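Residue numbers (our numbering), protein chains in the order written: chain A, 1 to 232; chain B, 1001 to 1232.
C-beta: ideal position from N, C-alpha, C; glycine also.
Given the structure is predicted, the values throughout are model-derived calculations rather than measurements.
The next block holds one structure in the form of structure tokens; read it before the comments.
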DNA sequence: TCTGTAATTTCGGATAGACGAAATTCCTTA
DNA sequence: TAAGGAATTTCGTCTATCCGAAATTACAGA
């Protein structure tokens, strides 16, 4: 585990619109993997035209929420990062609450939280978190930022890159695609599951893996949605 | 109690924007008292300029959600009524859930629900309703429409007009103003409270009333926020 | 170094929603 | 019935967000 990171709080920041929160969250997400978020990557994630992203990125940069080097991509500033983590916390607390308390199926919670996260007040989110015992992870295994922006940013290897012959534990699964999530659920590929990669066919071929006791073959796309860590 | 009213379901209606839902809800609300919702009444309730309301009302009329006689006011069509009741159900289920399950103070639930009602899916609302045992009234005593648009529309007399010398039961209190709600709470003027009007000073003067066992004087503005029915 | 392709930005334009000022209509009252 | 005030609508504008088409830039490979 790497250090949890702490971001100082500069401004309380005026209320952001829903689209702005979505951009910041997407940039944060992309920056977990790449150094900067490119226009195309953002456009794809947000399902918008690249032209729209260009315009918004310029505006957000002028508001000090991110830095933008034309043709190079966007990087969150400290203020942007705080705003992104605030939205991420809302999202993941909501996912946890909906799944745990209200029994919303785990492949549906993402879409629902995606809308509610822009409307719920901070104090409501804190109430939900409290009711859940202030969880550190959401139902898909993603870490939940605290109220003051502390979050575990460990970058886990995906199942697609996990070394052959090695055992590991599923840390998290991507929550973006309900169909994929349903498939992973059927395979018992949930956070906490033990896996053991037996073989991987070359050229993006299927991966031969035991999940708990069951032996399975899974394709590279699904494997990329599953993040693994060495057994605890 | 008057007949619950039933509205047939014409169209599933495309998804409405948050402002549109707000307009429909406000018009429904105003129509509970007046025959048609005037531009000024809407502007005041929605805290918008009358010019803005004029424009929106015209648009909503062209979409078939309401009928508009220029200079005369707006009336919901069947389709508009259904949409309004759907939003009202969301609002009141959310209020109930937040207050009952999450312990949000009863004077805060309105504002929170006001934002969440546009984001929560129907199935989530139904889950919440189910968790509460499908309540018929929200924490302020307002009736909750069912999934298929049945709602009690009895028009209750307010405390300001309740006959002197008569006992009654508080049916509901207006949830719009948190400060007022806090005041009413301090007076124990909640749904279910027994009241007995002893005297009313003329010209909008104070009302002399017993609430439960306590004797109080309350002003006409607060009294207008409290709706009363003959004792059950 | 030159060049073609992919990524990005710019430009003009669209839509939803809101506003103030000015024009219009309604209705009461003299 | 004429006038004046109040309510309403119209008009021109503004902001936020989105788009397609055209122009620009970056960069890999010859």
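Element boundaries [beta strand (DSSP E), containing residue i]
i: residue 1217 of chain B; result: 1214-1218
i: residue 1039 of chain B; result: It is not in any beta strand (DSSP E) - residue 1039 of chain B instead sits in the alpha helix (DSSP H) that spans 1039-1046.
i: residue 208 of chain A; result: 207-211
i: residue 1190 of chain B; result: Note, residue 1190 of chain B: premise wrong, no beta strand (DSSP E); not H, not E.
i: residue 73 of chain A; result: 73-76
i: residue 51 of chain A; result: Careful: residue 51 of chain A lies outside any beta strand (DSSP E), inside the alpha helix (DSSP H) at 50-62.
i: residue 1229 of chain B; result: 1226-1229
Minimum Cβ-Cβ distance from residue i to chain B less than 9 Å
i: residue 230 of chain A; result: no
i: residue 1 of chain A; result: Interpretation of residue 1 of chain A is limited by its pLDDT of 40, a score under 50 that renders its predicted location unreliable; the figure taken from the coordinates is listed afterwards. No, residue 1 of chain A does not count as interfacial toward chain B.
i: residue 115 of chain A; result: yes
i: residue 112 of chain A; result: yes
i: residue 85 of chain A; result: no
i: residue 60 of chain A; result: no
i: residue 89 of chain A; result: no
i: residue 127 of chain A; result: yes
i: residue 131 of chain A; result: yes
i: residue 124 of chain A; result: yes
CB of residue i within 9 Å of CB of residue j, strictly
i: residue 1119 of chain B; j: residue 1024 of chain B; result: no
i: residue 196 of chain A; j: residue 166 of chain A; result: yes
i: residue 130 of chain A; j: residue 113 of chain A; result: no
i: residue 1030 of chain B; j: residue 1041 of chain B; result: yes
i: residue 207 of chain A; j: residue 199 of chain A; result: yes
i: residue 175 of chain A; j: residue 138 of chain A; result: yes
i: residue 35 of chain A; j: residue 75 of chain A; result: yes
i: residue 67 of chain A; j: residue 87 of chain A; result: no
i: residue 191 of chain A; j: residue 111 of chain A; result: no
i: residue 1222 of chain B; j: residue 1184 of chain B; result: yes
i: residue 1085 of chain B; j: residue 1145 of chain B; result: yes
i: residue 1194 of chain B; j: residue 1169 of chain B; result: yes
i: residue 128 of chain A; j: residue 1102 of chain B; result: yes
i: residue 1125 of chain B; j: residue 1089 of chain B; result: yes
i: residue 1181 of chain B; j: residue 1140 of chain B; result: yes
i: residue 960 of chain B; j: residue 1143 of chain B; result: The requested residue 960 of chain B does not occur in the structure, where chain B is confined to residues 1001 to 1232.
i: residue 1020 of chain B; j: residue 1039 of chain B; result: no
i: residue 227 of chain A; j: residue 173 of chain A; result: yes
i: residue 1026 of chain B; j: residue 1045 of chain B; result: yes
i: residue 1065 of chain B; j: residue 1079 of chain B; result: yes
i: residue 186 of chain A; j: residue 212 of chain A; result: no
Minimum Cβ-Cβ distance from residue i to chain A less than 9 Å
i: residue 1118 of chain B; result: yes
i: residue 1098 of chain B; result: yes
i: residue 1009 of chain B; result: Bear in mind that a pLDDT of 36 at residue 1009 of chain B, under 50, signals an unreliable position, so the number given afterwards is only what the model happens to contain. For residue 1009 of chain B, the answer is no, since every Cβ of chain A falls outside 9 Å of its Cβ.
i: residue 1103 of chain B; result: yes
i: residue 1121 of chain B; result: yes
i: residue 1012 of chain B; result: Unreliable positioning characterises residue 1012 of chain B in this predicted model, as indicated by a pLDDT of 43, which lies under 50. The coordinate reading is nonetheless provided below. No, residue 1012 of chain B does not count as interfacial toward chain A.
N- and C-terminal bounds of the alpha helix (DSSP H) containing residue i
i: residue 1026 of chain B; result: 1018-1031
i: residue 66 of chain A; result: Unbroken run through residue 66 of chain A is the beta strand (DSSP E), 66-69; no alpha helix (DSSP H).
> Can you list, in chain order, the stretches of the beta strand (DSSP E) that have 3 or more residues and sit fully within the region 106-181 of chain A?
Replying inline: 167-173
> Can you list, in chain order, the stretches of the alpha helix (DSSP H) that have 4 or more residues and sit fully within the region 1076-1101 of chain B?
Replying inline: 1078-1100
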